[in-house]
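Novice:
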Amino acid sequence: MSRIVRFGVSVPRELLEEFDKILKYMGFRDRSKAIQVAMRNLLSEYRWMKDIKGICTGAIIILFDHTVRGLEDMLTHVQHDFTDIITSTMHIHLDEKNCLEIIAVKGESSSIKDLAYKLTTIRGVKQLKIAVVAV
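According to numbering that gives the first Met the number 0, the sequence shown is numbered sequentially starting from 0.
What follows is the structure in structure tokens.
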């Protein structure tokens, strides 16, 4: 059995409030167990990035806060570095603050992974999901 490690996390208040509501709804008794589940889900979701090889096609879906200064310019700048694999994009205004961007991709899995990593780390990106299949 592995040792338990304690660590602190800083999150926006609204995120924590929503997280706590979901925990209660799902029947979690404490945040620690829910955070473990969330961490395992994140690891599972991104594990493909380590294993998949060759030509892939699919979509990268990004939820972001467009009020963050410079975010949209940064998203565009990163995408311009990957025009060889981006086949299309769709931008959807969800509300006054949030936007959804869907980026259709086709190319080497290593390039798709690189694009996803770069987009994920941009300040203001709230969530990124990847759905790809090998061609």
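Yeah, the Cβ is synthetic: ideal placement off N, Cα and C, and Gly gets one too.
What residues are listed by DSSP as bridge partners for histidine 90?
Specialist: Answer is Glu100, bridged to histidine 90.
Novice: So leucine 64 is in the beta strand (DSSP E); what residue range does that whole segment cover?
Specialist: Here residue 64 turns out to be aspartate, not leucine, going by the sequence shown. Per DSSP, aspartate 64 belongs to the beta strand (DSSP E) from 54-64.
Novice: Hey, out of Ser110, Ile61, Cys98, Ile34, whose CA is closest to glycine 7's CA?
Specialist: When only C-alpha atoms are compared, the closest one is Ile34.
Novice: Out of Leu127, Glu13, Val4, which one is the CA nearest neighbour of serine 31?
Specialist: Taking only the C-alpha atoms, the option nearest serine 31 is Val4.
Novice: Quick check: the Cα distance between serine 87 and serine 9, rounded to an integer number of angstroms?
Specialist: Answer to the nearest angstrom: the Cα atoms are 35 Å apart.
Novice: Determine, using beta-carbon pairs with one atom in the stretch 65-74 and one in the stretch 113-122, whether at least three such pairs fall under 8 Å.
Specialist: Yes, since at least three Cβ pairs between the stretch 65-74 and the stretch 113-122 fall closer than 8 Å, the two stretches touch.
Novice: With alanine 58 and valine 132 assumed to form a contact (beta carbons below 8 Å), what rounded beta-carbon distance in angstroms separates them?
Specialist: Wrong, their Cβ atoms sit about 10 Å apart, outside the cutoff.
Novice: What distance in whole Å lies between the Cβ atoms of leucine 99 and isoleucine 60, which are believed to be in contact at a cut-off of 8 Å?
Specialist: Contact flag correct, Cβ pair sits at about 7 Å.
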